[in-house]
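J.: Take this structure first; my questions come after.
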Amino acid sequence: MGTMSAAQKRAQAKIEYDAFLDVCPSRKLLDRISDKWVALVLCALGGEGEPRAMRFSELSRTLAGVSQKMLTQTLRSLERDGLLTRTATATVPVTVSYELTGLGLSLHQLMGGLKGWAEEHMDEVLANRSDHDARTG
């Protein structure tokens, strides 16, 4: 077989992606998007109805408990993965906003569903935990 072009290599790799295999690169992506701060950033930027751009300070206020360092790391990793864009506007001081890309919007829909499920079923989960702890405690 001859040499493969970069596009052919990507197409072949896509066929071979299997997160159950320890060498699959999708495992690192799954690890990243399963982080609570990633999920919450995606939900915040996706909005309740329409997605919207948000400044760092607004995200920080929305995500109670996130440190500046963790929010910065999360935003950088999401930008690197192409899930959001960072736009700096030349003002004094510089205004920076973050907005979901098309790829980020597609993931937002899934994360929004997961967030909604967690909020809807939290009482059941807490009751199950309590029952389990009473039986095994």
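Sequential numbering from 1 applies to the sequence shown in UniProt numbering. The beta carbon of each residue, even a glycine, is placed where N, CA and C say it ideally should be. Since we're looking at a predicted model, the values are computed, not measured.
Just tell me which of T101, T89, G65 and T95 has its CA closest to the CA of residue 139.
T.: Past the edges of the chain, shown from 1 to 137, lies residue 139, and the structure says nothing about it.
J.: In whole angstroms, what separates the C-alpha of L75 from that of R135?
T.: Sequence index remark: in the sequence shown, residue 75 carries index 75 (1-based). Sequence index remark: in the sequence shown, residue 135 carries index 135 (1-based). If you take the alpha carbons of L75 and R135, they lie about 42 Å apart.
J.: To the nearest angstrom, report how far apart E79 and N128 are at their CA atoms.
T.: The residue given as residue 79 occupies position 79 in the sequence shown. The residue given as residue 128 occupies position 128 in the sequence shown. Approximately 38 Å between the Cα atoms of the pair.
J.: Residue range of the alpha helix (DSSP H) that R29 falls in?
T.: Mapped onto the sequence shown, residue 29 falls at position 29. Before going on, a small fix: residue 29 reads as Leu here, not Arg. Start and end: S26 to I33.
J.: Can you tell which of P93, E16 and S77 has the C-alpha that lies nearest to the C-alpha of G104?
T.: Translated into the one-based positions of the sequence shown, residue 104 becomes position 104. Nearest option by C-alpha distance: S77.
J.: Do T91 and E99 count as a contact pair if the criterion is CB distance below 9 Å?
T.: The sequence position of residue 99 within the sequence shown is 99, counting from 1. The sequence position of residue 91 within the sequence shown is 91, counting from 1. For E99 and T91, no; Cβs fall outside 9 Å.
J.: Hey, which unbroken runs of the beta strand (DSSP E) at 3 residues or more fall wholly within the UniProt domain "HTH hxlR-type" (24–126)?
T.: 84–89 and 95–100, all fully within the UniProt domain "HTH hxlR-type" (24–126).
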